[in-house]
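Worksheet: one structure, shown below.
Numbering (UniProt numbering), first residue to last: 1 to 454.
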């Protein structure tokens, strides 16, 4: 089997969530890898997917040494350096990548995120020049979002929103998505999980998992970092293991699901204890020796009912933030392959309303099960709010949880830079800089009875 076939085999194992075997194969391949930049880069990407960031960084560093004139190697190295908190090194790697390829739109976008830009130190002229040269819509979108971020840093809110809106509209034009499909899913979930289904949970009783859920950009990463700074807690980050465990049980029972709506109906009839155990088993390659483990996938809010049935003793934390701060933070974030509702104001508002309605349902049918944490309260009174959160999680107080910026675990979310900084309140009410531009979103939320926090 040649190197290409071996890499494909490892990627297939990854795709099937066979992480232990994929890791063993990747480590074996690393020991026999020829000293060529291409193979070091390819295997580095595999280790990156496996969340083995030290190995990935070493392979990317070697790829840079072997082929210093290849911009992609510098960019790959920068992404991992950012994950592990080496922000200055990531900035240096991106500058090298851009010196080699000034049109690398992904490098420009990532560079804009690393620091708060200033009048004396920013990349706005270079971004505008790159936009003039860009031909592909994907490149234009990345550059517009990068430009919007840097202009926002400088307080030029009019120009920032213009760039943001142009980037979001262009992104939306090239997506096949209908928000109505997601809203139907949320309604079907609520119908499939009425109150009587929770009368007597019979799932796997282990108390290990802590699920952190909510809309994206609400502070879920901040909560994850605070909790995972505790000596008894390890975070697996944003993983899709619970949904995969549900699908595995659907397959094991030989159920036939033609579409998402039929899958939802079938999910309510599963062997919940087996779903819970399958999920816990899937975490073994990812977790450390700590007794508690965090699963921080915001989308798990869709499965909150099934999570409680499968793992009755698991903790579920919903992080909430000012609705308009939430929606604006989502709108201005360029996501890779997630959250397609985020690029059009009316769709984003409709999705948020659907989210709130489903969460209201969960609180009604599972009273007291889900802990709701307000982002605003957390950043303004962190010690008091964190004490209450730790008590809910049945964890003792540790000062390290307040010093979350020193947490050495990797972070791969959109907030990877922010969580390396001490707690700040400058994001509160930031949407008001753009209030005139966000009227379509605000009006739709208010019509649904959802008001921003003043």
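Backbone N, C-alpha and C fix where the C-beta goes; we use that ideal spot for every residue, glycine too. Owing to the predicted nature of the structure, the values given are computational and were not obtained by experimental measurement.
{"query": "Please name the residue in 114, 140 and 83 whose C-alpha comes closest to that of residue 104.", "result": "140"}
{"query": "Using a threshold of 8 Å, state whether the C-beta atoms of residue 114 and residue 82 are closer than that.", "result": "yes"}
{"query": "In three-state terms, what does DSSP make of residue 87?", "result": "helix"}
{"query": "With residue 375 as the anchor, note down where its alpha helix (DSSP H) starts and where it stops.", "result": "375-380"}
{"query": "According to DSSP, simplified to helix, strand and coil, what is residue 292?", "result": "strand"}
{"query": "Could you spell out the range, first to last residue, of the alpha helix (DSSP H) harbouring residue 125?", "result": "124-133"}
{"query": "Using the beta-carbon count (16 or more within 10 Å), is residue 128 buried or exposed?", "result": "exposed"}
{"query": "Can you give the Cα-Cα distance for residue 133 and residue 167, rounded to whole angstroms?", "result": "15 Å"}
{"query": "What's the call for residue 144, buried or exposed, on a 16-neighbour Cβ count within 10 Å?", "result": "buried"}
{"query": "Looking at residue 249 and residue 297, is the spacing between their C-beta atoms short of 8 Å?", "result": "no"}
{"query": "Tell whether a beta-carbon distance below 8 Å holds between residue 52 and residue 64.", "result": "no"}
{"query": "Is it the case that the Cβ atoms of residue 146 and residue 109 are separated by a distance below 8 Å?", "result": "yes"}
{"query": "Which word fits residue 202, buried or exposed, when buried means at least 16 other C-beta atoms lie within 10 angstroms of its C-beta?", "result": "exposed"}
{"query": "Using 8 Å for Cβ pairs, my map puts residue 106 next to residue 142. What's the rounded Cβ distance?", "result": "6 Å"}
{"query": "Considering only the alpha carbon of each residue, which of 225, 282 and 233 lies closest to residue 245?", "result": "282"}
{"query": "Would you list the residues sitting across from residue 320 in a DSSP beta bridge?", "result": "374"}
{"query": "Any chance you could list the alpha helix (DSSP H) runs of at least 4 consecutive residues sitting entirely within the region 138-225, in chain order?", "result": "157-173 and 179-192"}
{"query": "If you check the beta carbons only, do residue 361 and residue 370 fall under 8 Å apart?", "result": "no"}
{"query": "DSSP state of residue 369, grouped into three classes?", "result": "coil"}
{"query": "Is the CB-CB distance between residue 170 and residue 159 below 8 Å?", "result": "no"}
{"query": "In three-state terms, what does DSSP make of residue 437?", "result": "coil"}
{"query": "So for residue 443, helix, strand or coil by DSSP?", "result": "helix"}
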